Every structure is written in C-alpha cells, then in structure tokens.
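Residue numbers (my numbering), protein chains in the order written: chain A, 16 to 129; chain B, 1495 to 1607.
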C-alpha cells in the first residue's frame, strides 16, 4: 500500500477562492482525521470520520470549512471562501478503529492564501 | 478544558546523551497515550503506544513512561544520534473512547554531533 495520499502537495490561491484538498485512505482503514498545523497552534484536529460518517466536527473553525467522505477510501476538505488566516499545512490521517491503533499520516498539503 | 502540553522550547543535547521529553495533560482520563515523530515537511510517524495500565514501554533506544496520577508521560531516547533530531509529539484520545486523537504542540529535539 502506498500509504495515505494527499493532493495537492502545495496550493497557492487568492483570498476568496474555493480550495479543495483531497485524501485517499489506506485500504481497509475505517477512520479518517483531518488536521491543520501551524507554528502558533500546532496540530489541530478539525474533523473525525468513522465508517464514512462524521463523528465530531467541533474542530472545524467556521462554516467556510466542510469535509466529506463520498466513499470509504476518499475524503475532501473544502474551504470556501478562503482567507489568508487559513494558510497552514493540512494533514489527513487514517487508522483502524480496532485496538487503539496508530494513525498513518499523509505528506500534507501546504496551503497559502494570498 | 482538555489540554496536552509539551515544552515548546527546543531541546538541545549532545550526541550520546539521553534526551527526555515531557507530555503533561489535564482533564483527560486516557486509556492510552501515543508518541509520534515529525520531520520537516512530512507528516507525523507513529513511534510507541503505552496503555494506562503500563508504567513503561521500550522499543530499541526509546523508552516511554506513563504516570496517570501525575498525568504525565516521559519519552526518552538513549544514546541519542544526530538522526534523532526531529519534533516529537504526544497524542491522546479526546473522548477517552480510543478513537479521536488529539496532539500536543510537540517538542523539537536537536542532537549535536
């Protein structure tokens, strides 16, 4: 398995534009996390899915952020409209919700909103 | 509110010495705690998991302790090497159900040759 795959690796966009980040889970994993990492706030949990269902989205900063899992292996995180303060590295991670297993992270998407 | 605190200041040590990193938490009753390593430009990578009923866990040069009374975990790297230089993060399950992982801010370790 190639691991968790995120795309794009880098995204530069203008304020007000829509941004879509993509994540492909490891085959067989049934939990997905989206995180955002900045120097100031560290690694923040945005949303958690289990078996394609959003379980907790309390970390999603605003209504401008939305996440979906259209199927068991794929997820998107959308920001509309984007703002400069959304600039960060966004990670997705997948795991099995078995016996407290480890999370596997993608390489991240570095988003810059200008 | 729930908090996971790690020393935000970088830890600088000499090669061959033991590095000790600290993770403190409040308002959690975790069933386990995990440690991850993160290199620049990459996602975190899992290192070790320790359960609430375990006092200590070892893996090669790594050792983790877990004190649920002090609400603290210590992460040790013995015989440190420059290749150990990275940021180390601890993680707990937010809802104590073992599912939702939340992370501390991480501590950057620099091992000098």
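Just so it is clear, CB atoms sit at the ideal spot from N, CA and C, and this is done for glycine as well. Since the structure is predicted, the reported quantities are computational estimates derived from the model, not experimental observations.
Item to complete: Output, in chain order, the set of chain A residues within a Cβ distance shorter than 7 Å of residue 1536 (chain B).
Response: Correct list: 122.
Mind reading off the beta-carbon distance from residue 1574 (chain B) to residue 1512 (chain B)? Whole number of angstroms is fine, and I expect it under 8 Å.
-> 7 Å
(Q) Let me see if you follow: with CB-CB separation under 8 Å, is residue 1586 (chain B) close to chain A or not? (A) When Cβ-Cβ separations below 8 Å define contact, residue 1586 (chain B) makes no contact with chain A.
TODO: Measure the Cβ-Cβ separation of residue 103 (chain A) and residue 120 (chain A) and say whether it is below 8 Å.
DONE: no
- For residue 1580 (chain B), which of helix, strand or coil comes out of DSSP? Three-state result, residue 1580 (chain B): strand.
| By the criterion of Cβ-Cβ separation under 8 Å, what are the contact partners of residue 65 (chain A) in chain B? | 1593
Q: Indicate whether the contact test is met: 3 or more Cβ pairs, each with one atom in the stretch 16–30 of chain A and one in the stretch 87–102 of chain A, closer than 8 Å.
A: yes
Which residue marks the beginning of the beta strand (DSSP E) containing residue 53 (chain A), and which one marks its end? 46–53
### Message
Rounded to whole angstroms, what is the Cα-Cα separation between residue 59 (chain A) and residue 1606 (chain B)?
### Response
30 Å
query: So, is residue 44 (chain A) buried or exposed, given that buried needs 16 or more other C-beta atoms within 10 angstroms?
result: The C-beta of residue 44 (chain A) has 16 or more other C-beta atoms within 10 Å across all chains shown, which makes the residue buried.
*Which residue comes first and which comes last in the beta strand (DSSP E) that contains residue 1518 (chain B)?*
1513–1520
message: Tell me the residue span of the beta strand (DSSP E) that contains residue 1574 (chain B).
response: That residue, residue 1574 (chain B), is in no beta strand (DSSP E); it is neither H nor E in DSSP.
Practice problem: Report all residues from its chain with a CB closer than 6 Å to the CB of residue 63 (chain A); omit the five preceding and five following residues, and keep chain order. | Solution: 48, 70 and 71
Self-check item: Delimiting residues of the beta strand (DSSP E) encompassing residue 59 (chain A)
Solution: Element bounds for residue 59 (chain A): 57–65.
Once you ignore the five residues that flank residue 46 (chain A) on each side, which residues in its own chain have a CB closer than 6 Å to its CB?
Around residue 46 (chain A): 65, 110 and 112.
request  = On a CA-only basis, which of A:50, A:73 and A:23 is nearest residue 1599 (chain B)? Give me that one, please.
outcome  = A:50
**Message:** Against residue 1569 (chain B), what residues of chain A qualify as contacts under a CB-to-CB distance less than 7 Å, listed in chain order?
**Reply:** By Cβ distance, chain A contributes nothing, its closest Cβ being about 15 Å from residue 1569 (chain B), past 7 Å.
- Item | Residues bridged to residue 1606 (chain B) [DSSP beta-bridge criterion] | Secondary-structure assignment with DSSP links residue 1606 (chain B) through a beta bridge to B:1508.
Note down, in chain order, every chain B residue with its Cβ under 8 Å from the Cβ of residue 60 (chain A). 1588, 1594, 1595, 1596 and 1597
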